[in-house]
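Visitor: Residue numbers (our numbering): 3 to 975.
Built from N, CA and C at the ideal position, the CB exists for glycine as well.
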């Protein structure tokens, strides 16, 4: 039994707990209890044979005390390890009003753009900053981390390069790339059969045909050199070129675009995003014009609404992996929107002058230290650098690193003879002095350091010259000094005071519809409560300020939390081991499939590469299989939505000798429990294949059934769904994988220390624990709920979904149900017959729901012409009924169209959503009243949400692709 305080949290997490409300819902669905409903819905042969037993549930106060204890076991240090991770200052106005504000972190991916204008503008700011700094025309709205962004660039070059000279060519990696980037590319390239070579490019390009070249600026060693000639030489041989760049350094350095690069990638972490023990951090990718249709991930573009006003939306959406499946350009679904918004607002907060000043200070501190080390007789390897020094100290490296650590500073131990040091925004003259002492050289004069720190504008032209007092010949080569402008758009100049930035953030937030305003009933996405207590610890410095490559004795608290969460997730799922490395559901899918491939190869069956995927599976499954080097074979679904056993048998027989796996989304994307799932698993196992059970819908299984016990060999879990990490407007996400013991040797390896052994696990994310920074959220959720509470959350989710399905079925038929006539945690509403009769589309219903103050359900997925609804366990009965009332009112409006009372073109359905401007306009010419348009049904006038724009013309935005901040006057009357 739960103690009273723990039960109190369960009451707050589950929306409908009052006995009379639960009774009313049960009466509608026809069961005596939620447990009886769950017993009828879940097939008997997959049910757990014992209750879920976890540690006793804790109260909110106890959870915070436990988190404080874990945080105390971490040892914050001055982090000068670098390698793509740098300490930074998150402006308090951004931390409080973005990172810690539910108006930003509870929003969903902006697939409904009319109610997402705020975060779309913020992401467009991010794209614009990236485009300006990289000197390339088109950027996307973020990727997962720098290392995987490098791999995305490699794949992009291989897709896009049509030069005959590049046919059969290899991809060449600069040996000065960050080690984790090299590891990710080598591992993924092995799975895909891509030839990759790592080379010291200071010796020129190696012989042989080249498809693509990836270089790092600044390099992992800190080296900065103009690559214009190298890039030109590669292009002369037909190659495309990617530069992995540092956004802060680009305020001082010639941009990749100016050097001739086709692609630029990197991390925006040092733009105000905490270290987070490795993530989540927003990566970026930008390309020259002409490559925009090859970009992975999401692009924010500008179109117009039905009144001709500029409006933001996601551009080129047909590239999304859930539509293109195995033909997708990437398997990425969740990106890092929330962190991209933090980085964008950091650029807005500082503006170009402020960013350059920060970069000048960072560079000056590095030069001051270089001068001191050089003056003390030590060899600083590169004389041209931005923030990172590589220092030769034969036989003394470990001693020096230990001496610095004893003084509270982490340096990078490169090898026994070499130390790396990276300066950042937080580096001070006092820190430089302490580092110098650790090396045993005279402390640099503070006045000289500050003189270097103050260097601005034209003074930089002296950098690197022999008479420079701070660096003595160290600095940036003249050929690499940036002369071009950047961040000239007014948004980077108008919000410098905290007052203005606070108001700007509030304006943007108010344009959006997030979970802090209303239910977001998105099927397949599980937009449940992200409790404030769960979010509490993520910005504590003892968690947020830890470098992912910090020594283990400084990260005991982090690793204890991670190990504890892994154990709990293994118990919940019935698997043997868990890896938390994958930093998105898509990466979890890939990691699971790579584990399967590794397992088959270890048994001498490397030819097994066929992956069966039911038509009902998540769209990312097929894309992930392709990226794991597998061939996708689709298995049909029967009329009731279950896997067609006859078609499955035929596909197994057809590919028996090459069968690697089947990927089953369970419960299926159709919202039902396939009753034959055990038989399906057994058939695949009998043919020598492995079973991948996609755990994205685990919200309908926790405490009731364990995928590791009813046939699964591996599952990925979406912590940003079932385990309460918020979606953040399109990321962060975490997609850990859980495996049976025979796959454990093939769990993801640590990219930073990967041996290169492709027979073991391949790394899938840049850091060992992926997006560790948000793991305290899921840890807290599990501890607050305990086994009993998690089980009750699942049964409540089933009750709310079936309640909505029963109430809405007479108006919008539920497409699929299970054997007992029940759905799982979500249901699909079929509008296709209504559309055929009236021309009213599912999209019309989605847009009309905005007028009722609701985010729409999932539109047109997994079945075109439908809406998929998932209410989750967190919504109360009043909100559920408000949604039902809205849908019934919309059906009445559809019936008016069917009766010929109004044409669909003139109906409020097609003209939705209604803006305040439209409602108050003196030019109202619609055949229905303003009241019906703006205040339909029981819509509250007091709390009415008006979208900032009307329905957006999606096609126009793709025909005239604009993916950068438009002139301000475009938005003025």
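To the nearest whole angstrom, what separates the beta carbons of residue 527 and residue 723, a pair I think is in contact under 8 Å?
Guide: About 7 Å; that satisfies the 8 Å criterion.
Visitor: Given that a residue counts as buried once 16 or more other Cβ atoms are within 10 Å of its Cβ, and exposed if not, what is residue 758?
Guide: exposed
Visitor: Residue 786: which of 135, 570, 88 sits nearest, CA to CA?
Guide: 570
Visitor: Starting from residue 447, follow the alpha helix (DSSP H) in both directions and report where the run begins and ends.
Guide: No alpha helix (DSSP H) contains residue 447, which DSSP labels as neither H nor E.
Visitor: Return helix, strand or coil for residue 579, following the three-state DSSP convention.
Guide: strand
Visitor: Compare the C-alpha of residue 63 against each of 582, 10, 109, 918 and name the closest.
Guide: Shortest Cα-Cα distance from residue 63 to any of 582, 10, 109, 918 involves 10.
Visitor: Of the choices 922, 739, 443, whose alpha-carbon is the least far from that of residue 718?
Guide: 739
Visitor: Just the Cα atoms here: how many angstroms apart are residue 252 and residue 225?
Guide: 14 Å
Visitor: At 3 residues or longer, and completely inside the stretch 560-608: list those beta strand (DSSP E) runs for me, N to C.
Guide: The DSSP assignment places complete beta strand (DSSP E) segments of no fewer than 3 residues inside the stretch 560-608 at 579-581, in order along the chain.
Visitor: Roughly how many angstroms lie between the CA atoms of residue 687 and residue 132, to the nearest whole one?
Guide: 48 Å
Visitor: Kindly give me the distance between the Cβ atoms of residue 789 and residue 55, rounded to whole angstroms, as I take these residues to be in contact under 8 Å.
Guide: Sure, about 5 Å apart at Cβ, within 8 Å.
Visitor: Measuring alpha carbon to alpha carbon, tell me which of 158, 736, 335, 876 ends up nearest residue 14.
Guide: 876
Visitor: Can you tell me which of the three DSSP states residue 668 falls into?
Guide: coil
Visitor: Look up residue 133 in the DSSP assignment and say whether it is helix, strand or coil.
Guide: helix
Visitor: Check whether the Cβ atoms of residue 313 and residue 115 lie closer than 8 Å to each other.
Guide: yes
Visitor: Nearest-angstrom Cα distance between residue 521 and residue 881?
Guide: Taking C-alpha positions only, residue 521 is separated from residue 881 by approximately 7 Å.
Visitor: Could you give the distance in angstroms between the alpha-carbon of residue 497 and the alpha-carbon of residue 797?
Guide: 48 Å
Visitor: Cβ of residue 668 within 7 Å of any heavy atom in the ligand PLP?
Guide: Absence of the ligand PLP from the depicted structure is noted, as is the absence of any ligand whatsoever, leaving it without description.
Visitor: With C-beta atoms as the reference, is residue 436 less than 8 Å away from residue 402?
Guide: no
Visitor: Tell me whether residue 243 sits in a helix, a strand or coil according to DSSP, three-state version.
Guide: Three-state DSSP puts residue 243 in a strand.
Visitor: Using a 10 Å radius around the Cβ and a threshold of 16 neighbouring Cβ atoms, would you call residue 199 buried or exposed?
Guide: exposed
Visitor: What number of angstroms, rounded off, separates the C-alpha of residue 431 from the C-alpha of residue 227?
Guide: 27 Å
Visitor: Let me know if residue 382 comes out buried or exposed under the rule of 16 or more other beta-carbons within 10 Å of its beta-carbon.
Guide: buried
Visitor: Just tell me which of 119, 285, 140 has its CA closest to the CA of residue 183.
Guide: 285
Visitor: Helix, strand or coil for residue 483? Go by DSSP, reduced to three states.
Guide: strand
Visitor: Going by Cα to Cα distance, which pick from 752, 122, 700 is closest to residue 576?
Guide: 700
Visitor: Going by DSSP, what residue range makes up the beta strand (DSSP E) through residue 616?
Guide: 612-616
Visitor: Give me the Cβ distance between residue 504 and residue 99, rounded to the nearest whole Å; I'm assuming they're in contact under 8 Å.
Guide: The C-beta separation of residue 504 from residue 99 comes to about 6 Å, placing the pair in contact by the 8 Å criterion.
Visitor: Rounded to whole angstroms, what's the CA-CA distance from residue 387 to residue 744? Just pull it up for me.
Guide: C-alpha separation (whole angstroms): 47 Å.
Visitor: What residues in its chain sit with their C-beta under 7 Å from that of residue 943, if we drop five residues either side in the sequence?
Guide: 937
Visitor: Leaving out the 5 sequence neighbours to the left and right, which residues in its chain are closer than 6 Å to residue 594 when beta-carbon positions are compared?
Guide: 694, 716, 718, 739
Visitor: Roughly how many angstroms lie between the CA atoms of residue 963 and residue 337, to the nearest whole one?
Guide: The straight-line gap from Cα to Cα measures roughly 21 Å.
Visitor: Going by alpha carbons, who is nearest to residue 935 out of 692, 895, 168?
Guide: 895
Visitor: Three or more C-beta pairs under 8 Å: does that hold for the stretch 158-175 against the stretch 239-247?
Guide: yes
Visitor: Throw me the rounded Cβ distance for the residue 334 and residue 299 pair, which I believe falls under 8 Å.
Guide: 5 Å
Visitor: How about the stretch 670-683 and the stretch 541-553: do they share at least three Cβ pairs that are nearer than 8 Å?
Guide: no
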